[in-house]
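Protein chains in written order, with my numbering: chain X, 422 to 959; chain C, 10 to 328.
So, in structure tokens, the structure goes:
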């Protein structure tokens, strides 16, 4: 296997000095001391212990704990006296009422808002809270018009989550011209260039450490807690050493080796949820959220539990040039679609072309594909194809116009689709194609039977290039991402595997003798977005 | 009667038009759209505004309310019910897939509730003031006042989880081929749904029977020396049936619209369950068609009730 993970040295040295004072404005949140006071006023330790019953981890950075985390960050441990002192220093107007918004519909969020309201009141800050209705995305993410520094959103603080596939997603939202709530400055822009300008892991980490230190003081977002993902399994399942990881995406979970206790008929059937309700969701927006996404299609590369590419999958080898601008893949000779047609580089090329025109494309994949030479021309309709893609038999070569630090992560998540079955699709109506009623994949399992809204049966694909799975069948019952039937189905023995973020479900599952729950760290940070732009006059 | 029936059917057309507009308007006033369901805010954070606008355009959501309504209406009038916004599945196919499940469940529940409700209501009326009357009255009140989701959850806990006699929910499991195979899955939701409906039928038939038995023609019948069973069932029960038929008739639309709550609790893949999903995902074409079919069923049920009432009670004349 040829494998060259190349270190690139494109970053420029930057000395991180003191953050220049943000411009004074009508918005009191533009004062860093006010944002820091809010951080000190919130007792997250108690909130996690009580409200979340320990099912969360207090956050001190947007970046989750682990390799990318900076050491020695200020944790803003609960200190109401310090909060009051900072507010006094900043001449906080006690009559000002903070407008806090959120978009979740659960009771826990309302409870959290009530607690925050009480804790802020304790240091002399008033707040109201409301759930955003209607076009939530616009209300949440509108950016100031070009040339203006007046906020395009009407809230002071927005409570929400950032679910990142790659670490850059946490900070790219502060990019000049893209930032909803953080006025940009040269120092932040330079850091954004640094985290995106290299594929060298060490250089990237150094840039992330500097960014975290900057944000630790600036608090564009006040990080509240890291949400964990809870993977549950019945005692019938034996992963045979298979890894636990970020189950919302694709990683090498060892499904081929899984064993499951046979039923009374001697069949080894794994029951799970997140099966299709009306159609199979395409995997280009949420690459691994549903069971079909995980087992029907393979990616060019496999990834570890933290989604870092770690080996071959559809591509038996790959190579990255020393400047990081040319990436080539050699596909497996014997990989076939479930209808027997060979998987070719042309399938991958067609999939990238199509994906670029599918509106609901995952942001990380979109960044990678848009960075290919000629991609922008193709998207704009000025070219019939992407100049930087060459497909020849099993060999695919991508020439990038700009370096994308996450190119390998993208190909660890992107599932190529069969051109011979989807070639006629209108990319704007990708999800509406008949293919999604009974998709033909290339992964370790194929569809044996689908009864929409009743169940879907997946059986091992006998010609899978990686070998044949040991379990006889996967039966998936229909559910959306948030399955309201997890507890009763698990209690009835109809769930052998799944994952959830619901605290209530986790507690109920933990109480069942035949179920085990494993907490997995995922990059999913809940924070308060602090709108520091001057607000529009009432 | 033929003229009356035809006139009523003609009236249905403007009524359906008005109702369709009101339902569409209601959906329009509901916050959010299909794109927000497809791409939740946590994910939408990472997408560009242009991408989301493109998706809205592709789904036709960027057009004005009246324009969209007009397109939908003209398509429906041409027999094109459209496709589900989120998955592109033809609405007719979704209906064909879901309707058997709903009809299966509703017919069984309607049958049981009618037979049991009428029988118990009549017994209760004939034994007015007795212990059994009091017991049935209390049971009826409980049945009417306890929410059906609660009954459903208690039934699941008891019969599916604790006793493990019946499945926890769902309609089809791998290997099911005949009605006999899926009967165990049908029993619990059908029983819970019929229990809820039985209580209402029982209360209605008791009151109607008591009313009928207090009439002078009953006294006359007894004076004529007719046997008591004939007085009660031929003279009393037949008259008492009229209000009961009205109640049962107005439940006929559940054959189409499904029982939303029961289908949700028992993971029953019927029209009601689909309706909830469609409303949540702002799937306009699907919501419209389910709503319209339910309305149509309600209007037709009303017509059938009028005709049946006239047939049962000669004093009623249709004009």
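Glycine included, C-beta positions come from ideal geometry on N, C-alpha and C.
### Nearest-angstrom Cα separation, counted from residue 100 (chain C) out to residue 90 (chain C)
Reading the second chain from its first residue, position 81 is the one you call residue 90 (chain C). Reading the second chain from its first residue, position 91 is the one you call residue 100 (chain C). C-alpha separation (whole angstroms): 6 Å.
### Beta-carbon contacts of residue 499 (chain X) that lie in its chain and below 6 Å, excluding the five residues immediately before and after
To locate residue 499 (chain X), count along the first chain from 1; it is residue 78. So the qualifying residues of the chain are 464.
### Query
From which residue to which residue does the alpha helix (DSSP H) around residue 307 (chain C) run?
On the second chain, residue 307 (chain C) is found 298 positions in, with the first residue counted as 1. From DSSP, the alpha helix (DSSP H) with residue 307 (chain C) extends over 293–321.
### Task
Spell out a yes or no on whether the segment 110–124 of chain C and the segment 193–213 of chain C are touching, meaning 3 or more CB-CB pairs, one atom from each, closer than 8 Å.
Note that the segment 110–124 of chain C touches the segment 193–213 of chain C; at least 3 beta-carbon pairs, one per stretch, sit closer than 8 Å.
### Task
Would you kindly check if the distance between the Cβ of residue 178 (chain C) and the Cβ of residue 102 (chain C) is under 7 Å?
Position 93 of the second chain, counting from 1, holds the residue named residue 102 (chain C). Position 169 of the second chain, counting from 1, holds the residue named residue 178 (chain C). Going by C-beta atoms, residue 102 (chain C) is not nearer than 7 Å to residue 178 (chain C).
### Task
Measure from the C-beta of residue 545 (chain X) to each C-beta in chain C and report whether the shortest distance is under 7 Å.
Sequence index remark: in the first chain, residue 545 (chain X) carries index 124 (1-based). Not one chain C Cβ lies under 7 Å of residue 545 (chain X).
### Query
Nearest to residue 92 (chain C) by CA position, among X:928, X:924, X:937 and X:854, is which residue?
For this step, residue 92 (chain C) is matched to residue 83 along the second chain. Checked all of X:928, X:924, X:937 and X:854; the closest Cα to residue 92 (chain C) is X:854.
### Message
When you compare the segment 799–810 of chain X with the segment 725–744 of chain X, are there three or more beta-carbon pairs, one atom per stretch, that lie closer than 8 Å?
### Response
no
### Query
For residue 488 (chain X), which option in X:614, X:627, X:957 and X:756 has the closest C-alpha, if you only look at C-alpha atoms?
On the first chain, residue 488 (chain X) is found 67 positions in, with the first residue counted as 1. Scanning X:614, X:627, X:957 and X:756 for the CA closest to the CA of residue 488 (chain X) turns up X:627.
### Query
Tell me the DSSP bridge mates of residue 738 (chain X)?
Position 317 of the first chain, counting from 1, holds the residue named residue 738 (chain X). Per DSSP, X:751.
### Message
If I measure Cβ to Cβ from residue 273 (chain C) and keep anything under 7 Å in the same chain, skipping five residues before and after, which residues do I get?
### Response
Sequence index remark: in the second chain, residue 273 (chain C) carries index 264 (1-based). Once the five neighbours on either side are set aside, the close Cβ partners of residue 273 (chain C) are 282 and 285.
### Message
Less than 7 Å between CB atoms is the rule here; does residue 555 (chain X) satisfy it with respect to chain C?
### Response
Taking the first chain and counting its residues from 1, the one referred to as residue 555 (chain X) is at position 134. Residue-level contact check: residue 555 (chain X) touches chain C, since one or more beta carbons of chain C fall below 7 Å from its beta carbon.
### Task
Give the single residue among X:586, X:932, X:517 and X:808 whose Cα lies nearest to the Cα of residue 670 (chain X).
Taking the first residue of the first chain as position 1, residue 670 (chain X) is located at position 249. Per the Cα distances, X:586.
### Message
Please state the DSSP three-state secondary structure of residue 565 (chain X).
### Response
Here residue 565 (chain X) corresponds to residue number 144 of the first chain, with the count starting at 1. It is coil, neither helix nor strand.
### Task
Could you please tell me which residues of the segment 180–191 of chain C, in chain order, have their CB closer than 8 Å to any CB of chain X?
180, 181, 182 and 183
### Message
When you compare the CB positions of residue 728 (chain X) and residue 672 (chain X), do they come within less than 7 Å of one another, or not?
### Response
Position 307 of the first chain holds residue 728 (chain X). Position 251 of the first chain holds residue 672 (chain X). Judged by their CB atoms, residue 728 (chain X) and residue 672 (chain X) are nearer to each other than the 7 Å cut-off.
### Message
One question on the structure: do residue 819 (chain X) and residue 833 (chain X) come within less than 7 Å of each other, judged by their Cβ atoms?
### Response
Translated into the one-based positions of the first chain, residue 819 (chain X) becomes position 398. Translated into the one-based positions of the first chain, residue 833 (chain X) becomes position 412. No, Cβ-Cβ distance for residue 819 (chain X) and residue 833 (chain X) is not below 7 Å.
### Message
Against chain C, does residue 872 (chain X) count as a neighbour if the rule is that its beta carbon must be under 7 Å from one of theirs?
### Response
As a first step, residue 872 (chain X) must be located in the first chain, where it is residue number 451. Interface criterion met: the Cβ of residue 872 (chain X) is under 7 Å from a Cβ in chain C.
### Query
Taking the beta strand (DSSP E) that residue 588 (chain X) falls in, what are its first and last residues?
Numbered from its first residue, the first chain carries residue 588 (chain X) at position 167. Residue 588 (chain X) -> no beta strand (DSSP E), and no H or E assigned at all.
### Query
Candidates X:716, X:791 and X:856: which alpha carbon is nearest residue 827 (chain X)'s?
Here residue 827 (chain X) corresponds to residue number 406 of the first chain, with the count starting at 1. For residue 827 (chain X), the nearest C-alpha among the options comes from X:791.
### Query
According to a CB-to-CB cut-off of less than 8 Å, which residues of the segment 859–890 of chain X neighbour chain C?
870, 872, 873, 874, 875, 876 and 878
#### Entry: Beta carbon proximity, residue 157 (chain C) to chain X, threshold 7 Å
Sequence index remark: in the second chain, residue 157 (chain C) carries index 148 (1-based). Taking Cβ atoms only, chain X never reaches closer than 7 Å to residue 157 (chain C), which makes this a no.
### Task
Give the range of the beta strand (DSSP E) segment to which residue 548 (chain X) is assigned.
Residue 548 (chain X) sits at position 127 when you count from the first residue of the first chain. Per DSSP, residue 548 (chain X) belongs to the beta strand (DSSP E) from 547–552.
### Query
Does DSSP put residue 10 (chain C) in a helix, in a strand, or in coil?
Here the question's residue 10 (chain C) lines up with position 1 in the second chain. Reduced to three states, the DSSP call for residue 10 (chain C) is coil.
### Query
What number of angstroms, rounded off, separates the C-alpha of residue 930 (chain X) from the C-alpha of residue 690 (chain X)?
Taking the first chain and counting its residues from 1, the one referred to as residue 930 (chain X) is at position 509. Taking the first chain and counting its residues from 1, the one referred to as residue 690 (chain X) is at position 269. Spanning the two alpha carbons is a distance of roughly 20 Å.
### Query
Mind listing which residues of the segment 245–262 of chain C have their C-beta closer than 8 Å to chain X's C-betas, in chain order?
none
### Query
Unbroken beta strand (DSSP E) runs of length 3 or more, entirely within the segment 817–900 of chain X: which are they?
Fully enclosed beta strand (DSSP E) runs of no fewer than 3 residues occupy 866–872, 876–881 and 894–899 of the segment 817–900 of chain X, in order along the chain.
### Beta-carbon separation (whole angstroms), residue 290 (chain C) vs residue 43 (chain C), contact threshold 8 Å
Numbered from its first residue, the second chain carries residue 290 (chain C) at position 281. Numbered from its first residue, the second chain carries residue 43 (chain C) at position 34. With a Cβ gap of about 6 Å, residue 290 (chain C) and residue 43 (chain C) count as contacting.
### Task
Identify each residue in the segment 504–524 of chain X for which the Cβ-Cβ distance to at least one residue of chain C is less than 9 Å, and report them in chain order.
524
### Message
Less than 7 Å between the C-beta atoms of residue 553 (chain X) and residue 521 (chain X), yes or no?
### Response
The residue labelled residue 553 (chain X) in the question sits at position 132 within the first chain. The residue labelled residue 521 (chain X) in the question sits at position 100 within the first chain. No, Cβ-Cβ distance for residue 553 (chain X) and residue 521 (chain X) is not below 7 Å.
### Task
Report yes if the CB atom of residue 700 (chain X) is closer than 7 Å to the CB atom of residue 96 (chain C), and no otherwise.
Here residue 700 (chain X) is taken as the residue at index 279 of the first chain, counted from 1. Here residue 96 (chain C) is taken as the residue at index 87 of the second chain, counted from 1. Residue 96 (chain C) sits close to residue 700 (chain X), with the two beta carbons spaced by under 7 Å.
### Query
Looking at chain C, which residues of the segment 904–930 of chain X have a Cβ within less than 7 Å of any of its Cβ atoms?
Result list: 906, 909, 910, 912, 913 and 915.
### Query
Got a sec, what are the start and stop residues for the beta strand (DSSP E) residue 811 (chain X) sits in?
Here residue 811 (chain X) is taken as the residue at index 390 of the first chain, counted from 1. Note, residue 811 (chain X): beta strand (DSSP E), 810–813.
### Task
Please classify residue 30 (chain C): is it buried, with 16 or more other beta-carbons within 10 angstroms of its beta-carbon, or exposed?
Position 21 of the second chain, counted from the start, is the residue given in the question as residue 30 (chain C). Looking at its Cβ environment, which holds fewer than 16 other Cβ atoms inside 10 Å, residue 30 (chain C) is exposed.
### Query
Is DSSP giving residue 923 (chain X) helix, strand or coil here?
As a first step, residue 923 (chain X) is located in the first chain; it is residue number 502 there, counting from the start. Note: residue 923 (chain X) maps to coil in three-state DSSP.
### Task
Compare the C-beta of residue 294 (chain C) against all C-beta atoms of chain X and say whether one is closer than 7 Å.
As a working note, residue 294 (chain C) is residue 285 in the second chain. It does not: the Cβ of residue 294 (chain C) has no partner Cβ on chain X nearer than 7 Å.
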